[in-house]
Amino acid sequence: MAAIQITDIKKNYGTLQALDGVSLSIEQGEFFGLLGPNGAGKTTLISIIAGLIKASSGTVSVMGHDVQSDYRAARGRLGVVPQELVFDPFFTVRETLRMQLGYYGLKRNDAWIDEIMENLDLTNKAETNMRALSGGMKRRVLVAQALVHKPPVIVLDEPTAGVDVELRQTLWKFIGRLNREGHTVVLTTHYLEEAQALCSRIAMLKGGKVVALDTTNALLKQVAGSQLKLRLSGAPLPQSLSALQIPIESSYTALRINHSDEIEPILATLRLAGCVIDELQLQQADLEDVFIQIMDGAQQ
Amino acid sequence: MIGFQTLFYKEILRFWKVATQTITAPILTALLYLLIFGHVLDKHVQVYAGVQYTAFLVPGLVMMSVLQNAFANASSSLMQSKITGNLVFILLPPLSYWELFGAYVLAAIVRGLIVGLGVFIFTAWFAELSFVAPLWIVLFSLLGAAILSTMGLIAGIWAEKFDQLAAFQNFLIMPATFLSGVFYSIHSLPPMWLTVSRFNPFFYMIDGFRFGFFGQSDVNPVHSLAIVLAFFVLLAGVALTMLKRGYKLRG
Numbered sequence: 033m034a035a036i037q038i039t040d041i042k043k044n045y046g047t048l049q050a051l052d053g054v055s056l057s058i059e060q061g062e063f064f065g066l067l068g069p070n071g072a073g074k075t076t077l078i079s080i081i082a083g084l085i086k087a088s089s090g091t092v093s094v095m096g097h098d099v100q101s102d103y104r105a106a107r108g109r110l111g112v113v114p115q116e117l118v119f120d121p122f123f124t125v126r127e128t129l130r131m132q133l134g135y136y137g138l139k140r141n142d143a144w145i146d147e148i149m150e151n152l153d154l155t156n157k158a159e160t161n162m163r164a165l166s167g168g169m170k171r172r173v174l175v176a177q178a179l180v181h182k183p184p185v186i187v188l189d190e191p192t193a194g195v196d197v198e199l200r201q202t203l204w205k206f207i208g209r210l211n212r213e214g215h216t217v218v219l220t221t222h223y224l225e226e227a228q229a230l231c232s233r234i235a236m237l238k239g240g241k242v243v244a245l246d247t248t249n250a251l252l253k254q255v256a257g258s259q260l261k262l263r264l265s266g267a268p269l270p271q272s273l274s275a276l277q278i279p280i281e282s283s284y285t286a287l288r289i290n291h292s293d294e295i296e297p298i299l300a301t302l303r304l305a306g307c308v309i310d311e312l313q314l315q316q317a318d319l320e321d322v323f324i325q326i327m328d329g330a331q332q
Numbered sequence: 640m641i642g643f644q645t646l647f648y649k650e651i652l653r654f655w656k657v658a659t660q661t662i663t664a665p666i667l668t669a670l671l672y673l674l675i676f677g678h679v680l681d682k683h684v685q686v687y688a689g690v691q692y693t694a695f696l697v698p699g700l701v702m703m704s705v706l707q708n709a710f711a712n713a714s715s716s717l718m719q720s721k722i723t724g725n726l727v728f729i730l731l732p733p734l735s736y737w738e739l740f741g742a743y744v745l746a747a748i749v750r751g752l753i754v755g756l757g758v759f760i761f762t763a764w765f766a767e768l769s770f771v772a773p774l775w776i777v778l779f780s781l782l783g784a785a786i787l788s789t790m791g792l793i794a795g796i797w798a799e800k801f802d803q804l805a806a807f808q809n810f811l812i813m814p815a816t817f818l819s820g821v822f823y824s825i826h827s828l829p830p831m832w833l834t835v836s837r838f839n840p841f842f843y844m845i846d847g848f849r850f851g852f853f854g855q856s857d858v859n860p861v862h863s864l865a866i867v868l869a870f871f872v873l874l875a876g877v878a879l880t881m882l883k884r885g886y887k888l889r890g
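Taken in sequence, the protein lines are chains A and B.
Using this note's numbering, read the first sequence as starting at 33 and increasing by one per residue.
Using this note's numbering, read the second sequence as starting at 640 and increasing by one per residue.
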């Protein structure tokens, strides 16, 4: 049984097609990344999984429970950290967490609430009113609220947007622990290095469609090898090397290489052509390269 | 059941934390009505034989306060949550539409009744009241509060901005309450307005409630009870359907 099974989900707002037949199966225990540019449909998809909005067609189930027909079972197994920094100004952190637990039909469990607060560095803010917290602290409470009922499936919608390094590290340490303990984690983020480091599998969304779906390693292999970045003067890049060139927006000339053995012949060709190498960098391909390539490909 | 209890408790805590605004202020307002209208009209107006105008006014003001505050609680709580976005904390958990309905309505009833009781305690000093049929007092105050709580819930779900909610409150709830016989007997109205008043469900709530005190009313209280009960069932049906379908809450 998949943690989240998404089958041919479509969602349109009037003439705007926000999701255009998305199908995904997220397995239990995965750390899954959902990537895509703004407006790709990530948040819409998460809202459908969470039952916050209804799909125009298609089905979604969480741990085998349909989010519409069996919504109570589905919602009870899902913890969502919303993208918007929302809070209830009437209550303290502890009150907020106790209530959230109660909404899930669970008895008061202060030991677990204390543990979550401890792990998210919220302990000394427990009795502080939500209004008095900084943005970063409010974000921590949002994460805590999503975890309070120990959901087997955790969805984080851009949890690190506008968040300082300390919280990111705290957050990923805790979420990583939960993932190792068996919780399924679904993450959307614009920080691709974060996704590359954390996610075992990634789906890329564009214009409401899945344009890539594979393990992170397999996606990285799609952009073969590395980039050799050079700052040249003296003469233009010789014709024989232009096939290797990757268009990048900088004063550097970037060449695609598959192996470090290829560097020496390239340098020799450049010398022969009269090029002077002012600067040289060797860069491993990362998820950002994959992302840009796939998004560009999807455009054409 | 814990989900319902928690939401109910949260709703109570919400208005209790701002009790000056949600409880004390409406009690003071009602007291001012009583002092001014009672002072000006007590010697000149007698609605029921043997009943002072100020005494006649007390149940009307109590019921008006119950109704207005029950409406205000459900509608403003929901509206605030919608505007600030924290409604998501209620929409994400597995709360059933019955639990949502029950918690919002019951908490609003509690606020309405607390304010009503407060108004009663302070205004009762100024008039000699009788309690001919206390069961009717309880029944009509409960049902009246339940109706306005449900209307508040519907308005809160429907409205997309505070402006629309204010329109609902000022152009529907306020006129219906003021024209329901809080300050007068509808029999003192010209025939056309008397007929119009008979189509106002608020009139039956206040008339039946007042019967509990004086044993006198404009219409038979059993008749009023049937109308009020039917009105509540109708509104509850509308609210539950809205919640079940996720109308305006789940896009």
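In this text, a Cβ means the ideal position worked out from N, Cα and C, and glycines have one as well.
Neighbouring residues, chain A, relative to residue i (Cβ below 9 angstroms)
i, result
"B:V727", "A82, L84, V112, P114, E116, V118"
"B:L646", "M131, G134, Y135"
is_contact[residue i, chain A] using C-beta, thresh 8 angstroms
i, result
"B:K649", "yes"
"B:T880", "no"
"B:R849", "no"
"B:L730", "yes"
"B:T834", "no"
"B:R653", "yes"
Span separating the alpha-carbon of residue i from that of residue j
i, j, result
"A:K157", "B:Y692", "55 angstroms"
"B:Q644", "A:T221", "36 angstroms"
"A:V118", "A:G73", "21 angstroms"
"A:V218", "A:Q277", "36 angstroms"
"A:G168", "A:M162", "12 angstroms"
"A:K205", "A:L230", "10 angstroms"
"B:A798", "B:S720", "12 angstroms"
"B:F765", "B:A694", "8 angstroms"
"A:E127", "B:Y687", "51 angstroms"
"B:L804", "B:F676", "29 angstroms"
"A:T216", "B:S716", "34 angstroms"
"A:L203", "A:R172", "8 angstroms"
"B:I812", "A:V243", "53 angstroms"
"A:G194", "A:G208", "20 angstroms"
"A:I324", "A:R263", "22 angstroms"
"A:L224", "A:T248", "11 angstroms"
"A:D293", "A:A286", "17 angstroms"
"A:L314", "A:E320", "16 angstroms"
Chain-ordered chain A contacts of residue i [CB-CB under 7 angstroms]
i, result
"B:I641", "G134, G137, L138, K139"
"B:G741", "Within chain A, no residue comes near B:G741; the closest Cβ sits about 14 angstroms away, beyond 7 angstroms."
"B:T723", "V118"
"B:G890", "I85"
"B:K656", "F122"
Residue i: contacting residues in chain B (beta-carbon distance under 7 angstroms)
i, result
"A:G108", "P733"
Sub-8 angstroms separation of residue i and residue j beta-carbons
i, j, result
"B:M881", "B:M702", "no"
"B:G897", "A:K86", "No answer is possible for residue 897 of chain B: it lies beyond the span of chain B, which begins at 640 and ends at 890."
"A:I234", "A:G65", "yes"
"B:L888", "B:I796", "yes"
"B:V727", "A:P183", "no"
"B:S788", "B:G741", "no"
"A:D310", "A:S265", "yes"
"B:L874", "B:I793", "yes"
"A:Y136", "A:G108", "yes"
"A:N44", "A:S93", "no"
Residue-level contact to chain B via CB, residue i, 8 angstroms cutoff
i, result
"A:Q313", "no"
"A:R171", "no"
"A:Y223", "no"
"A:F122", "yes"
Neighbouring residues, chain B, relative to residue i (Cβ below 9 angstroms)
i, result
"A:R163", "Neighbours of A:R163 on chain B: none; closest Cβ ~11 angstroms, over 9 angstroms."
Chain B contact residues for residue i, given Cβ-Cβ distances below 8 angstroms
i, result
"A:R104", "P733, S735"
Original post:
Can you list, in chain order, the residues of the segment 129-159 of chain A whose Cβ is nearer than 7 angstroms to any Cβ on chain B?
Top reply: M131, Q132, G134, Y135, Y136, G137, L138, K139
Subject >> Contact list for the segment 790-804 of chain B against chain A, Cβ threshold 7 angstroms >> reply: none
Original post:
Mind listing which residues of the segment 38-53 of chain A have their C-beta closer than 9 angstroms to chain B's C-betas, in chain order?
Top reply: Y45
Original post:
Of all the residues that make up the segment 173-189 of chain A, which are near chain B by a beta-carbon distance shorter than 7 angstroms?
Top reply: Q177
Original post:
Taking a cut of 8 angstroms between CB atoms, which residues from the segment 852-885 of chain B lie near chain A?
Top reply: G885
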